[in-house]
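Chemist: Handing you this structure, nothing more for now.
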DNA sequence: TACTTATATAAACCATTGTTAATATAATAT
DNA sequence: ATATTATATTAACAATGGTTTATATAAGTA
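Chains as they are written, first to last, in my numbering: chain D, 9 to 138; chain Y, 9 to 138.
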């Protein structure tokens, strides 16, 4: 029936940003490219050979990662050298930790809070058990 | 032209698993549900109201999260109480750290390694600059 | 029994996206 | 200039997936 959201995370626009970034890295090829770039700068032909994918496909995925700001390019002649954008990687780490970090798990999880009132209507997160 | 992969991460089947999980959590609604469940067990009607989405949609996303093993259900009468699967959350944290953890960034990144031989063919990651 | 209530499932629709094949650009070498 | 090399771009296609509407299940209540 769609009322207004009552959870903190539900209203947080940061969640959209994080999910957008996660969507970019949730492709297995792109995840592998990122993982690979930790070892240093790479050109397209190396990604291509390293992941055993075609040149246009490598170029495409690198473009998506770049568009998302996760990597950056350095051009030299006909070569394009791609590397991680360290600030973006650090921001991603921070956001992931904030939303899904295992440190967030409470000691007594799940703290047995009930959910719905006897009448059946959903209660707000702040409302205690009746 | 697609040769065989030469990067470690490129051959690692764990990358497929992680990307699969990331795909599940990269939906903004599901990310918000997970984030919400850190505060404790919730029933469908609470998720529904908390995120301001329809009942079938809430049920659907919870099903996807459950299918992925990230959350678990406890049924009581007509109610379904969902909670985080703590082991899964911890595994996700570990995998994320292993693949994209900021700790992986080398001191001198990017260590200026060249990429392609003068002849233009890609070199393996272990092969040094000519 | 009949009537809610909470949740799950199914079908249909629409938008997005990964992939391939073909082509374009632009720098370098002959 | 011509050819080759590295990379980017485009169009087309197939597949996936989020959302809605409608319906089903199943437990409680009158």
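The beta carbon of each residue, even a glycine, is placed where N, CA and C say it ideally should be. Source: prediction; values computed, not measured.
1. Looking only at C-alpha atoms, which of Y:27, Y:19 and Y:104 sits nearest to residue 58 (chain D)?
2. For residue 107 (chain Y), does the three-state DSSP call read helix, strand or coil?
3. Check each candidate in D:95, D:23, D:90 and D:21 and name the one with the smallest Cα separation from residue 67 (chain D).
4. Report yes or no: do the stretch 30–43 of chain D and the stretch 25–33 of chain Y share at least 3 C-beta pairs separated by less than 8 Å?
5. Go through its chain and collect everything with a Cβ distance to residue 51 (chain Y)'s Cβ below 8 Å, but skip five positions before and after it.
6. Using a cut-off of 9 Å between C-beta atoms, extract the partners of residue 119 (chain D) located in chain Y.
7. Which residues of the stretch 93–122 of chain D have a Cβ closer than 8 Å to any Cβ of chain Y? Give them in chain order.
8. Anything in chain Y within Cβ reach of residue 31 (chain D), meaning under 7 Å, just list it in chain order.
9. Taking residue 221 (chain D) as part of the alpha helix (DSSP H), name the residues at either end of that continuous run.
10. Buried or exposed: which applies to residue 40 (chain Y), given that a residue is buried once 16 or more other Cβ atoms fall within 10 Å of its Cβ?
11. Beta-carbon within less than 7 Å of residue 72 (chain D)'s beta-carbon, same chain only, minus the 5 sequence neighbours each way: which residues are those?
12. Using a Cβ-Cβ cut-off of less than 8 Å, list which residues of the stretch 70–96 of chain D approach chain Y; keep chain order.
13. Using DSSP bridges, identify the partner residues of residue 50 (chain D).
14. Under 7 Å between beta-carbons, which chain Y residues line up against residue 27 (chain D)? List them in chain order, please.
15. Put residue 79 (chain D) into one of helix, strand or coil per three-state DSSP.
16. In angstroms with no decimal places, state the Cα-to-Cα distance between residue 42 (chain Y) and residue 43 (chain D).
17. Kindly indicate which residue of Y:94, Y:99 and Y:100 has the alpha-carbon position closest to the one of residue 48 (chain Y).
18. Quick one: is residue 17 (chain D) buried, meaning 16 or more other Cβ sit within 10 Å of its Cβ, or exposed?
19. Answer with yes or no whether the minimum CB distance from residue 18 (chain D) to chain Y is below 7 Å.
20. Return the first residue and the last residue of the alpha helix (DSSP H) that residue 7 (chain D) is part of.
21. Label residue 118 (chain D) either buried or exposed according to how many other C-beta atoms from any shown protein chain fall within 10 Å of its C-beta, with 16 as the threshold for buried.
22. Strictly under 7 Å for the Cβ-Cβ distance: is residue 66 (chain D) near chain Y by that measure?
Modeler: So, from the data block:
1. Position 50 of the first chain holds residue 58 (chain D). Out of Y:27, Y:19 and Y:104, Y:19 has the C-alpha closest to the C-alpha of residue 58 (chain D).
2. Counting from 1 along the second chain, the entry for residue 107 (chain Y) is found at position 99. Of the three classes helix, strand and coil, the one that applies to residue 107 (chain Y) here is helix, per DSSP.
3. Counting from 1 along the first chain, the entry for residue 67 (chain D) is found at position 59. Shortest Cα-Cα distance from residue 67 (chain D) to any of D:95, D:23, D:90 and D:21 involves D:90.
4. yes
5. The residue you call residue 51 (chain Y) lines up with position 43 of the second chain. These residues qualify, in order along the chain: 87, 88, 89 and 90.
6. Locating residue 119 (chain D) in the first chain gives position 111, counting from the first residue. Correct list: 47, 48 and 49.
7. 94, 97, 98, 100, 101, 104, 107, 108, 109, 110, 112, 113, 114, 117, 118, 119, 120 and 121
8. The sequence position of residue 31 (chain D) within the first chain is 23, counting from 1. Near residue 31 (chain D) (Cβ distances below 7 Å), the residues of chain Y are 34.
9. Here chain D covers residues 9 to 138 and nothing more, so residue 221 (chain D) does not appear.
10. Taking the second chain and counting its residues from 1, one reaches residue 40 (chain Y) at position 32. Flag for residue 40 (chain Y) reads buried.
11. As a position in the first chain, residue 72 (chain D) is number 64, starting the count at 1. Here the set comprises 32 and 38.
12. Against chain Y - using a Cβ distance shorter than 8 Å - the residues of the stretch 70–96 of chain D are 87, 89, 91, 92 and 94.
13. Position 42 of the first chain holds residue 50 (chain D). According to DSSP, which records beta bridges pairwise, residue 50 (chain D) is partnered with D:90.
14. As a working note, residue 27 (chain D) is residue 19 in the first chain. 34, 35, 36 and 39, listed in chain order.
15. As a first step, residue 79 (chain D) is located in the first chain; it is residue number 71 there, counting from the start. Three-state result, residue 79 (chain D): strand.
16. Residue mapping note: residue 42 (chain Y) aligns to position 34 of the second chain, counting from 1. Residue mapping note: residue 43 (chain D) aligns to position 35 of the first chain, counting from 1. Between residue 42 (chain Y) and residue 43 (chain D), the C-alpha separation is close to 25 Å.
17. As a position in the second chain, residue 48 (chain Y) is number 40, starting the count at 1. The candidate whose alpha carbon is nearest that of residue 48 (chain Y) is Y:94.
18. In the first chain, residue 17 (chain D) corresponds to position 9, counting from 1. The residue in question, residue 17 (chain D), is buried, as its Cβ has 16 or more Cβ neighbours within 10 Å.
19. For the purposes of this step, residue 18 (chain D) is taken as the residue at position 10 of the first chain. Answer yes: the Cβ-Cβ gap between residue 18 (chain D) and chain Y drops below 7 Å somewhere.
20. Residue 7 (chain D) is absent from the model: chain D starts at 9 and stops at 138.
21. As a position in the first chain, residue 118 (chain D) is number 110, starting the count at 1. Buried, by the Cβ-count rule.
22. The residue you call residue 66 (chain D) lines up with position 58 of the first chain. Output row for residue 66 (chain D): interface = no.
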